[in-house]
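**Student:** Here the numbering used here = 1-based position in the sequence shown + 2. Where is the CB? At the ideal position from N, CA and C, for every residue including glycine. Note that this is a predicted model, so its numbers are computed, not measured.
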Amino acid sequence: MRKPTDIERLYLDFDSFFASAEQQLRPELRGRPVGVVPIVSKHTCCIAASQEAKAFGVTTGTSVAEARRLCPDIAFTHARHDVYVALHKAIKQEVHRHAPVDRVCSIDEVSCALIGRERKDPEGLAARIKAGLAAAVGTHVTCSIGFAPNQLLAKTAAEMNKPDGLVILYPEDLPGRLLDIELTDIPGVAKGNARRLEAAGVTSVQGLWDLAPKQARAIWGGVEGERFLAQLHGYAVDRPETERRMFGHGRVLPFGWRSPDKAKDCARLLTVKAARRLRREGFEATAFSVSYRTRDDVRGGGEERFPPASDDHTFLTALTRLWAQAFEEPGAVKGQAAHLRNVAVTIHGLVAPGAAQLDLFEARLSPAAAKARARWDRAAAVMDDIVDRYGAKAVSLGPWAEPPGGYAGAKIAFGRVPEFADFDKPTEEVLAVEAELAATATPRRELEYVREDRA
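See below:
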């Protein structure tokens with residue numbers, strides 16, 4: 003750990019991103035309360051709400067019925083994940099013109115490392131970024147910006163003055179303005195940690211600030227507590243690089259898709275999407291898991307292990323066996339309990355193709371099985387090539403049944419921004435967004451000039 007003597011991080015947190023994106027792209031929604039929903043249904047909930055809707059108490063997780071009660075004039079719109087990814091890429095490119103984006107934290111949050119004169123005029127830098135985004139993306143997609151010695155404090159600062167705000171936390175001013183916010187306003191102090199802190203007698207930021215490192219370790223149950231406290235005090239904490247451990251997708255099942263047969267169709271689709279991501283990133287896997295939850299809150303699932311594989315056939319075969327154990331064989335879930343609410347699949351036990359340790363696994367495959375595996379590997383490569391050319395639905399093993407709402411396996415998730423390869427071929431909407439953004443983008447020569455100037 004080291005203690006910076008100046009601001010070193012910039013954090014951008016976009017305001018009500020999905021909803022403001024829709025308002026930017028659909029003028030008829032501007033100035034109106036807007037709720038973004040995953041599917042067109044009265045039984046779903048908002049996954050984003052515009053600033054106008056938030057003023058009425060509508061937030062992420064508010065049901066459609068409750069949102070209508072709170073705000074009768076609210077307009078609901080179906081989430082368009084591929085469109086948001088297109089905007090995200092344009093945003094990242096524009097921000098990078100002004101400060102190097104070194105971490106994408108989510109679809110609507112990016113972090114920049116500050117160098118040289120970028121630390122000397124944060125107000126000017128923030129103004130240039132906001133003006134650039136307004137010109138390149140649109141005036142309705144706004145962001146709040148935080149500057150601080152480290153990422154935790156910069157993220158905290160970005161959330162202190164929303165929407166469209168700016169907060170600068172200098173090292174010498176700490177704890178300063180931190181003492182004016184609620185304990186749960188600090189990223190990383192969610193409900194679970196808040197309960198543990200309260201049990202330890204910590205109910206304010208001042209109380210958290212006054213903890214000893216050993217106390218923080220005890221409350222968090224490990225060294226992460228000490229790291230968190232050090233960052234709160236302005237230290238830059240180096241963390242080991244995280245390693246990819248799994249590829250997986252989950253889905254809340256819409257009405258009409260909650261029987262075991264329909265849920266299995268959804269699980270098949272999620273499995274194929276996860277397998278394609280696995281192959282794109284150059285991994286093989288030694289395990290496959292499926293899990294489910296019923297409307298009666300019965301939870302179940304299973305896992306199957308095998309020699310390293312990356313082909314759809316291996317994972318779908320494992321899914322079929324595990325699903326039969328759960329819903330078809332003696333002792334399986336029956337009756338009303340079999341009305342499912344969600345399903346998830348995970349491909350894990352990752353290894354790099356050709357790694358030396360695979361020799362031990364390969365001995366488990368009989369010559370006939372190894373030959374069959376090689377054929378399925380070749381088939382997967384051919385299918386991937388067809389999908390790249392003609393879209394995700396062009397070819398698959400077995401039925402391709404997509405539940406209402408679309409984007410199965412390609413939804414934006416916390417900490418993950420899908421690649422365009424996760425979606426079907428670009429829709430007309432995405433192509434129109436990209437064309438509009440290209441028309442307003444900063445010319446390449448100016449981009450290079452700005453970077454030279456920064457250097």
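Skipping 5 residues on each side, what residues in its chain have a beta carbon closer than 8 angstroms to that of D390?
**Tutor:** Here residue 390 corresponds to residue number 388 of the sequence shown, with the count starting at 1. The answer, listed in chain order, is A423.
**Student:** If V38 and A50 are in contact, beta carbons under 8 angstroms, what's the gap, nearest whole angstrom?
**Tutor:** Position 36 of the sequence shown holds residue 38. Position 48 of the sequence shown holds residue 50. That belief holds up - the Cβ atoms of V38 and A50 are roughly 4 angstroms apart, short of 8 angstroms.
**Student:** Near E228, what residues of its chain come up, given a Cβ to Cβ distance below 7 angstroms and the 5 sequence neighbours on each side ignored?
**Tutor:** Counting from one through the sequence shown, the residue named residue 228 turns up at place 226. The residues are P215, A218 and R219.
**Student:** Would you report the Cα separation of E68 and A101, rounded to the nearest angstrom?
**Tutor:** Residue mapping note: residue 68 aligns to position 66 of the sequence shown, counting from 1. Residue mapping note: residue 101 aligns to position 99 of the sequence shown, counting from 1. Distance between the alpha carbons of E68 and A101 is about 41 angstroms.
**Student:** Using the C-alpha atoms, what's the distance from R278 back to D187?
**Tutor:** The count along the sequence shown starts at 1 and reaches residue 187 at position 185. The count along the sequence shown starts at 1 and reaches residue 278 at position 276. Cα to Cα, the separation comes out at about 38 angstroms.
**Student:** Assign C268 to one of three DSSP states: helix, strand, or coil.
**Tutor:** On the sequence shown, position 266 is the one that residue 268 refers to. Looking at C268 - three-state DSSP - the assignment turns out to be helix.
**Student:** Taking contact to mean at least 3 C-beta pairs separated by less than 8 angstroms, is the region 196-207 in contact with the region 140-152?
**Tutor:** No, the region 196-207 does not touch the region 140-152.
**Student:** Go ahead and pull the three-state DSSP assignment for T296.
**Tutor:** Numbered from its first residue, the sequence shown carries residue 296 at position 294. Three-state DSSP puts T296 in a strand.
**Student:** From this set, G140, D182 and E305, which residue's C-alpha is nearest V347's C-alpha?
**Tutor:** On the sequence shown, position 345 is the one that residue 347 refers to. It is E305 whose Cα lies nearest to the Cα of V347.
**Student:** Would you call the region 116-123 and the region 76-91 touching, i.e. three or more CB-CB distances under 8 angstroms?
**Tutor:** Short answer: they don't touch.
**Student:** Pull up the CB-CB distance for R105 and V97, whole angstroms please, since I reckon it's below 8 angstroms.
**Tutor:** Residue numbering aside, residue 105 sits at position 103 when the sequence shown is read from its first letter. Residue numbering aside, residue 97 sits at position 95 when the sequence shown is read from its first letter. With 8 angstroms as the limit, R105 and V97 do not qualify as a contact, their Cβ atoms being about 12 angstroms apart.
**Student:** Going by other Cβ atoms of all chains shown within 10 Å of its Cβ, with 16 needed for buried, is V345 buried or exposed?
**Tutor:** Within the sequence shown, numbered from 1, the residue matching residue 345 stands at position 343. Flag for V345 reads buried.
**Student:** Among I388, M385, A326 and F249, which residue has its Cα nearest to the Cα of A265?
**Tutor:** Reading the sequence shown from its first residue, position 263 is the one you call residue 265. For the residues I388, M385, A326 and F249, the minimum Cα distance to A265 belongs to A326.
**Student:** Report the residue ranges of all alpha helix (DSSP H) runs contained in full by the region 113-175; include only those spanning at least 4 residues, in chain order.
**Tutor:** Correct list: 124-138 and 153-160.
**Student:** Between which two residues does the beta strand (DSSP E) harbouring G33 extend?
**Tutor:** By one-based count along the sequence shown, residue 33 stands at place 31. Note, G33: premise wrong, no beta strand (DSSP E); not H, not E.
**Student:** Taking the straight line between their C-alpha atoms, what separation do you get for F317 and F290?
**Tutor:** As a working note, residue 317 is residue 315 in the sequence shown. As a working note, residue 290 is residue 288 in the sequence shown. When rounded, the distance between both Cα atoms is 7 angstroms.
**Student:** Would A403 and D299 qualify as a contact pair, given that the criterion is a beta-carbon distance under 8 angstroms?
**Tutor:** Your numbering for residue 403 matches position 401 in the sequence shown. Your numbering for residue 299 matches position 297 in the sequence shown. Contact flag unset, no.
**Student:** Provide the residue span of the alpha helix (DSSP H) that contains T319, from first to last.
**Tutor:** Residue 319 sits at position 317 when you count from the first residue of the sequence shown. Counting along the chain, the alpha helix (DSSP H) containing T319 begins and ends at D314 to F329.
**Student:** Confirm, please, whether the CB-CB distance from A156 to R11 is below 8 angstroms.
**Tutor:** Numbered from 1 along the sequence shown, position 9 holds the residue referred to as residue 11. Numbered from 1 along the sequence shown, position 154 holds the residue referred to as residue 156. For R11 and A156, yes; Cβs fall inside 8 angstroms.
**Student:** So what's R446 in DSSP terms, helix, strand or just coil?
**Tutor:** In the sequence shown, counting from the first residue as 1, residue 446 sits at position 444. Low confidence applies here, because R446 scores a pLDDT of 37, under 50, leaving its location unreliable; read the following figure in that light. Helix, per DSSP.
**Student:** Please name the residue in V85, F230 and T64 whose C-alpha comes closest to that of K44.
**Tutor:** Against the sequence shown, residue 44 aligns to sequence position 42. It is T64 whose Cα lies nearest to the Cα of K44.
**Student:** Write down the C-beta distance between D15 and C145 rounded to the nearest angstrom, noting that I regard them as a contact closer than 8 angstroms.
**Tutor:** Taking the first residue of the sequence shown as 1, we reach residue 15 at position 13. Taking the first residue of the sequence shown as 1, we reach residue 145 at position 143. Indeed, because the Cβ distance is near 6 angstroms, the residues count as touching under 8 angstroms.
**Student:** Within a Cβ cutoff of 7 angstroms, which residues of the same chain sit near D455, ignoring the five residues on either side of it in sequence?
**Tutor:** The residue given as residue 455 occupies position 453 in the sequence shown. Confidence in D455 is poor, its pLDDT being 40 and thus under 50, which makes the residue's placement unreliable; the coordinate value appears in the next sentence. Counting only Cβ-Cβ distances below 7 angstroms, and skipping sequence neighbours, we find nothing.
**Student:** For the alpha helix (DSSP H) containing H90, name the first residue and the last one.
**Tutor:** Numbered from its first residue, the sequence shown carries residue 90 at position 88. Element bounds for H90: H83 to H100.
**Student:** Identify the continuous beta strand (DSSP E) that holds M248 and give its terminal residues.
**Tutor:** For the purposes of this step, residue 248 is taken as residue 246 along the sequence shown, with counting starting at 1. Counting along the chain, the beta strand (DSSP E) containing M248 begins and ends at M248 to V254.
**Student:** Do T288 and G351 come within 8 angstroms of each other at the CB atom, strictly closer than that value?
**Tutor:** Position 349 of the sequence shown, counting from 1, holds the residue named residue 351. Position 286 of the sequence shown, counting from 1, holds the residue named residue 288. Yes, they are a contact pair.
**Student:** For the alpha helix (DSSP H) that G194 lies in, which residues bound it at each end?
**Tutor:** Taking the first residue of the sequence shown as position 1, residue 194 is located at position 192. Run containing G194: K193 to A201, per the alpha helix (DSSP H) assignment.
**Student:** Can you give the Cα-Cα distance for P406 and R375, rounded to whole angstroms?
**Tutor:** Residue mapping note: residue 406 aligns to position 404 of the sequence shown, counting from 1. Residue mapping note: residue 375 aligns to position 373 of the sequence shown, counting from 1. Rounded to whole angstroms, P406 to R375 spans 34 angstroms at the Cα level.
**Student:** Kindly indicate the opening and closing residues of the beta strand (DSSP E) around G351.
**Tutor:** Counted from its first residue, the sequence shown places residue 351 at position 349. Start and end: L342 to V353.
**Student:** To the nearest whole angstrom, what separates the beta carbons of E286 and V353, a pair I think is in contact under 8 angstroms?
**Tutor:** As a first step, residue 286 is located in the sequence shown; it is residue number 284 there, counting from the start. As a first step, residue 353 is located in the sequence shown; it is residue number 351 there, counting from the start. At roughly 5 angstroms, the Cβ-Cβ gap stays under 8 angstroms, so E286 and V353 are in contact.
**Student:** Around the C-beta of L181, are 16 or more other C-beta atoms found within 10 angstroms, so that it is buried, or is it exposed?
**Tutor:** On the sequence shown, residue 181 is found 179 positions in, with the first residue counted as 1. When all chains shown are included, L181 counts as exposed.
**Student:** So what's S37 in DSSP terms, helix, strand or just coil?
**Tutor:** As a first step, residue 37 must be located in the sequence shown, where it is residue number 35. Looking at the sequence shown, residue 37 is not Ser but Gly. Strand, per DSSP.
**Student:** Is R105 helix, strand or coil when you go by DSSP?
**Tutor:** Looking up residue 105 in the sequence shown gives position 103. Of the three classes helix, strand and coil, the one that applies to R105 here is strand, per DSSP.
**Student:** Could you say which of A276, P6 and G252 lies nearest to L116 if we only look at CA atoms?
**Tutor:** Here residue 116 refers to the residue found at position 114 when the sequence shown is read from its first residue. Minimum Cα distance to L116 is reached at P6.
**Student:** How big is the Cα-Cα spacing for A159 and C114?
**Tutor:** On the sequence shown, position 157 is the one that residue 159 refers to. On the sequence shown, position 112 is the one that residue 114 refers to. Those two C-alpha atoms are separated by around 14 angstroms.
**Student:** Under the three-state reduction of DSSP, which class applies to R260: helix, strand or coil?
**Tutor:** On the sequence shown, position 258 is the one that residue 260 refers to. Note: R260 maps to coil in three-state DSSP.
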